[in-house]
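Protein chains: 2
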Amino acid sequence: MHTRNRVLIEHVTPIVENGSYYTKRVLHDVFRVEVDLVSDGHDILNGDLKFKAPNTKAWQTTPLKFHENDRWYATFELSKKGVYEYTLEAWVDHLLTWQHNVIKKVENEINVKVELDDFLPSFDKLNKIAKGEDRKFLTEFAEQIKNSKHYKEAVKTACSQDLEEIIRKYPLKEFATSYNQTLEVRVERNRAEYSTWYEFFPRSASKNKKKAGTLKDAAGQLERVAKMGFDVLYLPPIHPIGEEFRKGKNNNPKAKKGEPGSPWAIGSKHGGHKSIHPELGTMKDFEDLLAKADKLGIEIAMDFALQCAPDHPYVKEHPEWFKWRSDGTVQYAENPPKKYQDILPIYFETSDYKSLWNELLSIALFWAEKGIRIFRVDNPHTKPFLFWQWLIAEVHKKYPDFIFLSEAFTKPKVMQALAKAGFTQSYTYYTWRNSKYELTQYLTELTQGPEREYFRPNFWPNTPDINPLILQDGLEHAYLTRLFMAATLSSNYGIYGPVFEHMVHDSIPGKEEYLDSEKYEVHHWDWDKSNKLTEMIKLLNSLRRSNAALQQTFDIHFCQLDNEQLLAYHKRSKDGSNHILCIVNLDPYNKQSGMVQLPYFRMPVRTGEAVIVKDLITDNSYTWENEWNYIELIPTLPFHLFKIHFKS
Amino acid sequence: MHTRNRVLIEHVTPIVENGSYYTKRVLHDVFRVEVDLVSDGHDILNGDLKFKAPNTKAWQTTPLKFHENDRWYATFELSKKGVYEYTLEAWVDHLLTWQHNVIKKVENEINVKVELDDFLPSFDKLNKIAKGEDRKFLTEFAEQIKNSKHYKEAVKTACSQDLEEIIRKYPLKEFATSYNQTLEVRVERNRAEYSTWYEFFPRSASKNKKKAGTLKDAAGQLERVAKMGFDVLYLPPIHPIGEEFRKGKNNNPKAKKGEPGSPWAIGSKHGGHKSIHPELGTMKDFEDLLAKADKLGIEIAMDFALQCAPDHPYVKEHPEWFKWRSDGTVQYAENPPKKYQDILPIYFETSDYKSLWNELLSIALFWAEKGIRIFRVDNPHTKPFLFWQWLIAEVHKKYPDFIFLSEAFTKPKVMQALAKAGFTQSYTYYTWRNSKYELTQYLTELTQGPEREYFRPNFWPNTPDINPLILQDGLEHAYLTRLFMAATLSSNYGIYGPVFEHMVHDSIPGKEEYLDSEKYEVHHWDWDKSNKLTEMIKLLNSLRRSNAALQQTFDIHFCQLDNEQLLAYHKRSKDGSNHILCIVNLDPYNKQSGMVQLPYFRMPVRTGEAVIVKDLITDNSYTWENEWNYIELIPTLPFHLFKIHFKS
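Listed in order, the protein sequences are those of chains A and B. Residues in the first sequence are numbered from 6 upward in steps of one, following my numbering. Residues in the second sequence are numbered from 6 upward in steps of one, following my numbering.
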């Protein structure tokens with residue numbers, strides 16, 4: 006227990022759940038670590054942030070700088086993908102303390118002869134490690150001290166910036182405290198943070214109204230997806246669809262003959278999670294789709310849905326991976342009185358859980374080998390967190406670029422637990438946050454709370470499972486604003502189309518389920534249709550590409566604006582050069598106006614200095630000469646997307 | 006890495022600095038632990054709080070109860086002094102889940118024959134651990150299940166509360182997760198939380214104006230201290246005072262002949278930290294003082310000041326415990342250009358630090374053996390935190406009742422670090438928090454933030470080192486309000502007298518130092534003087550004794566009151582039976598009035614129900630029939646101390 010360490014290292018940030026999980030960042034982010042250094046007395050402290058880049062063995066160090074109130078920080082650039090480790094070291098710096106006291110005495114005209122002599126033992130220590138010019142400097146200083154004729158020069162050297170730099174360059178680190186943990190930050194590719202998703206059902210992609218769509222038809226839609234400015238195309242499961250207990254139109258428990266069933270009921274005599282549904286095409290078709298997408302700058306995201314139809318090959322080959330009941334039947338999914346007999350949950354508590362985990366991993370690796378690097382994971386919250394933590398880590402060992410999107414619409418702490426386990430992005434409650442109060446609260450929680458270190462939101466106005474109430478009236482205003490806010494509040498967003506841009510809005514009465522959902526039937530769309538929404542999607546996706554402020558989520562500030570129907574937020578790019586101010590009219594029926602406050606404290610100009618705001622939607626520019634500025638928005642064009650230009 | 010554990014145990018509270026330090030409570034507190042239990046799926050969770058009482062080996066368990074939003078809690082009474090350990094365990098409860106599903110199906114009139122049969126394997130497991138009547142109950146249930154004629158009875162039993170109780174009584178805990186830490190809570194005697202301190206200089210205690218006071222004279226003042234209602238008497242150091250570089254009147258660097266010096270310059274030819282200053286008396290006198298204090302219900306607190314006068318015996322006996330300079334002189338305390346030549350700091354970085362620590366511990370143990378159980382520790386922030394953590398733990402091994410008051414007026418994180426290291430109570434910034442805004446902010450920080458788990462405030466309106474600006478005008482109003490708020494905001498408080506109650510207020514110009522401070526000279530007081538302050542001290546201390554709401558600090562609520570000069574706060578006793586409402590007029594010159602809101606949400610009556618408030622200062626009672634109530638206070642009696650009576 007006895008020790009001479011005097012510095013406590015506390016309250017290190019970022020840290021996730023006491024260090025149990027890694028923090029997340031993307032390539033080239035500047036990583037800032039903060040820490041409390043607390044010590045007795047009034048001596049000068051010093052410390053290092055130590056970090057180890059992925060796949061390297063040597064620790065690098067960068068000195069901590071004082072911030073305020075015993076808080077220190079240091080930064081470094083994350084220049085490699087993978088997992089960085091970081092930790093800290095801190096000590097009472099006796100030489101800096103000595104210099105500080107010498108300077109104070111000299112300022113008070115007190116003789117420092119004794120203090121100078123006091124330095125000599127430290128000089129011996131420094132001399133052993135200092136090099137070249139520094140060593141020469143120190144030797145000269147020691148000579149000045151020893152020769153009383155050179156007292157004045159010695160004092161000057163003692164108080165010099167040069168000496169301080171040498172002291173800092175060769176810290177003696179006596180009785181240094183090491184932080185008792187090594188923390189981790191995982192550095193991912195940029196798409197983990199900035200991605201623009203489109204989802205459609207390949208079987209609805211046929212232009213021939215008499216036929217169901219195939220992967221080839223889906224490939225035919227890639228140009229359209231690219232033109233609209235999306236960079237990720239997510240396809241619902243493309244595996245063989247179960248034939249036993251197949252669901253019919255509108256979730257009818259019994260499919261009629263010829264009905265295609267739900268793609269999420271995976272597995273049949275045609276194969277399981279490593280196979281392709283014969284009605285969609287062949288593995289070759291799939292590989293062609295990937296190749297064409299790649300040429301167009303689109304990445305294909307697959308669905309990773311770990312459940313089985315009753316006729317999935319696993320059920321016979323590995324009956325122990327399912328739960329069997331006392332009457333010899335297998336346990337299907339149910340939420341009494343509801344039954345989901347077309348789907349068998351996997352029994353993760355099976356005694357054969359090790360082979361089960363390994364087989365599920367092999368599915369992921371199988372598709373990774375085909376070139377897939379994104380999974381949208383179906384209902385991850387119904388499988389154990391520790392399974393995900395393991396699976397994601399295993400996939401990352403071989404494919405560090407792999408992105409996992411968590412499709413968990415459930416309790417907040419469960420969604421957070423999945424993100425901590427390693428999911429790259431997460432679906433959110435955005436789908437149901439409509440009012441100014443709700444949106445402000447929710448975005449503040451996501452971007453200012455502890456979640457910001459590990460939970461990357463992906464905003465979806467709709468999904469095949471959710472036709473939210475706000476869209477069910479089919480008002481263009483709702484589609485426009487929900488799209489606009491998804492695309493500008495969050496750097497990751499997506500839509501499920503063509504349902505969305507065609508403003509398809511009928512629902513099963515009293516529910517958020519689409520009427521005649523594509524989940525259970527084949528649709529045919531007018532894929533060439535163009536409307537205000539398709540144009541706005543194109544424009545917004547293009548503005549996201551040209552404005553780095555929209556390529557990140559966590560720098561956001563909600564501006565003062567005394568009208569509950571008007572929402573205003575200011576975003577900055579990481580380098581601080583791109584400033585965007587978004588304003589939305591949430592009222593579908595009325596023009597709304599108000600005064601918005603420019604957040605000068607976030608801008609590189611003084612309060613009240615004039616700025617030019619250019620609306621990138623209309624190309625209109627305005628010079629704002631005041632802190633508070635009048636704005637008005639009509640329901641038919643219910644937003645401004647201002648780029649702020651600073652005159653100087 | 007493979008596992009079948011499904012529950013995560015996260016965000017346990019209370020926890021201090023990730024579990025590095027213990028939480029603090031006092032005897033008979035009900036200890037509440039909260040935790041997030043997060044799991045996949047929709048199964049029913051279950052968990053135990055496990056705890057181990059001081060000096061016992063067996064873990065006790067108490068079941069966690071669901072609170073909200075995945076948060077669970079459990080409580081237990083801290084019935085022994087010392088350190089309790091606590092940890093947690095949680096699991097998916099398959100039997101509770103089974104029962105839940107059976108009930109849901111039965112409610113939906115679905116046959117549960119298969120579910121009942123599914124229970125039988127679990128029955129076998131339960132039967133091995135259940136006892137007596139429970140076993141009989143289970144056997145009967147199994148028979149009901151097996152005999153299809155008894156289906157109805159089996160269903161009734163399956164859905165019964167009785168069965169749930171048995172399931173909870175014998176939890177199967179399959180794949181249970183254990184929390185990865187064992188946390189600690191230190192249970193201290195009640196005085197750690199509720200104490201009333203008086204401080205005076207024994208050498209000023211003589212009634213004979215021609216002589217300096219002694220320990221015998223101090224003993225003669227004990228009745229007065231007891232009558233005023235104090236239960237701790239803290240004496241500045243009583244050890245031999247250094248003679249070298251002794252300080253004179255008003256901190257004069259050179260004492261004149263016969264000047265007594267500062268008691269904090271400890272050690273001379275007459276001895277060191279284990280000796281008594283010969284001018285104060287003998288060890289026998291000291292023991293007599295302790296004995297008499299004990300009879301009067303007063304505890305003597307000694308000063309533990311780890312520093313030495315230049316003639317302290319340690320300096321010769323253990324020169325290595327001090328810092329020597331290149332000119333052969335010893336390092337005295339200094340803050341250039343200020344010199345404190347009467348005090349040598351101890352050199353904790355000495356290579357002989359182990360013997361040093363042991364010797365310092367022996368001082369504490371020496372006085373503990375004499376019967377001392379409270380130290381007011383002088384400037385603990387100039388000695389290493391890890392030294393204190395060790396010393397306090399060592400003293401507590403033998404004297405678990407020992408109380409350490411930290412006299413650190415320094416940066417917030419340093420004060421917190423000392424409290425985390427084990428100090429029982431801490432001096433605070435109360436001395437300089439005067440306005441309503443300041444007081445509300447500060448109390449909220451102390452009582453609602455993480456500090457509440459380990460930092461126990463002790464409020465002092467003045468000390469020998471601090472004559473705060475607000476008291477320097479000598480206004481009775483300031484003395485009254487500062488006393489009142491110290492005594493009612495904090496359950497630990499103290500005053501330095503008779504300076505305080507005599508309203509001695511002259512200071513060194515421009516400083517917070519008392520003019521003619523007792524630190525450097527002997528005073529003589531009119532110990533029998535009585536004034537409004539002495540009467541109010543007596544009354545407030547007596548009201549603290551009779552109102553448990555004032556014997557705790559952390560249950561406090563600042564009431565709405567739209568007047569910046571009026572401060573109102575509501576406090577409750579731990580058992581909820583005693584409700585106190587304090588209102589203070591902070592304006593020294595004017596009557597102030599306003600409307601105060603009763604905090605109904607903290608009271609056992611419905612909003613708007615009438616209550617009777619009785620002012621315990623004036624004995625006036627009022628019936629308040631509304632949520633908002635008019636109050637007015639004059640500067641000469643600037644507070645109400647209402648006890649709230651509920652009619653029903």
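Note that CB positions come from ideal geometry on N, CA and C, so glycine has one too.
Neighbourhood of residue i by C-beta distance below 8 Å, restricted to the same chain and skipping five residues each side
i	result
residue 423 of chain A	385, 386, 390, 393, 411, 413 and 431
residue 173 of chain B	51, 68 and 101
Closer than 7 Å at the beta carbon, the chain A residues around residue i
i	result
residue 23 of chain B	23
residue 358 of chain B	7 and 9
residue 115 of chain B	341 and 342
residue 422 of chain B	13 and 43
C-alpha distance - residue i paired with residue j, whole-angstrom precision
i	j	result
residue 565 of chain A	residue 599 of chain A	10 Å
residue 225 of chain A	residue 17 of chain A	51 Å
residue 297 of chain A	residue 196 of chain A	19 Å
residue 222 of chain B	residue 207 of chain B	7 Å
residue 202 of chain B	residue 379 of chain B	11 Å
residue 269 of chain B	residue 245 of chain B	10 Å
residue 597 of chain B	residue 612 of chain A	39 Å
residue 91 of chain A	residue 110 of chain A	39 Å
residue 305 of chain A	residue 229 of chain A	14 Å
residue 166 of chain A	residue 104 of chain A	10 Å
Where residue i falls: helix, strand or coil (DSSP)
i	result
residue 626 of chain A	strand
residue 611 of chain A	coil
residue 95 of chain B	strand
residue 261 of chain B	coil
residue 126 of chain B	helix
residue 450 of chain B	helix
residue 641 of chain B	coil
residue 509 of chain A	coil
residue 619 of chain A	strand
residue 196 of chain A	helix
Minimum C-alpha distance to residue i - residue among the options
i	options	result
residue 26 of chain B	B/35, B/85 and B/189	B/189
residue 152 of chain A	A/121, A/140 and A/135	A/121
residue 538 of chain B	B/492, B/396 and B/578	B/492
residue 169 of chain A	A/441, A/314, A/49 and A/355	A/49
residue 311 of chain A	A/283, A/466, A/277 and A/332	A/277
residue 339 of chain B	A/46, A/10, A/651 and A/638	A/46
residue 453 of chain B	B/629, B/560 and B/352	B/560
residue 178 of chain A	A/140, A/639, A/637 and A/9	A/9
Residue i: contacting residues in chain B (beta-carbon distance under 7 Å)
i	result
residue 46 of chain A	387
Close Cβ partners of residue i (< 6 Å) along its chain, the five nearest in sequence each way excluded
i	result
residue 633 of chain B	600 and 602
residue 435 of chain A	464
residue 72 of chain A	78
residue 64 of chain B	55 and 57
Where residue i meets chain A, residues with beta-carbon distance less than 9 Å
i	result
residue 416 of chain B	43, 74 and 75
residue 465 of chain B	Under the 9 Å cutoff, chain A gives no residues; its nearest Cβ is about 22 Å from residue 465 of chain B.
Any non-hydrogen atom of the ligand COA closer than 6 Å to residue i Cβ
i	result
residue 285 of chain B	The ligand content of the structure shown is nil, which means the ligand COA is not present either.
Cβ-based neighbour list, residue i, same chain, cut-off 7 Å, excluding 5 preceding and 5 following
i	result
residue 337 of chain A	344, 345, 346, 348 and 349
residue 249 of chain B	314, 315 and 316
Near-chain C residues of the stretch 94-118 of chain B - C-beta to any C-beta below 7 Å:
This model lacks chain C altogether; the protein chains it does include are A and B.
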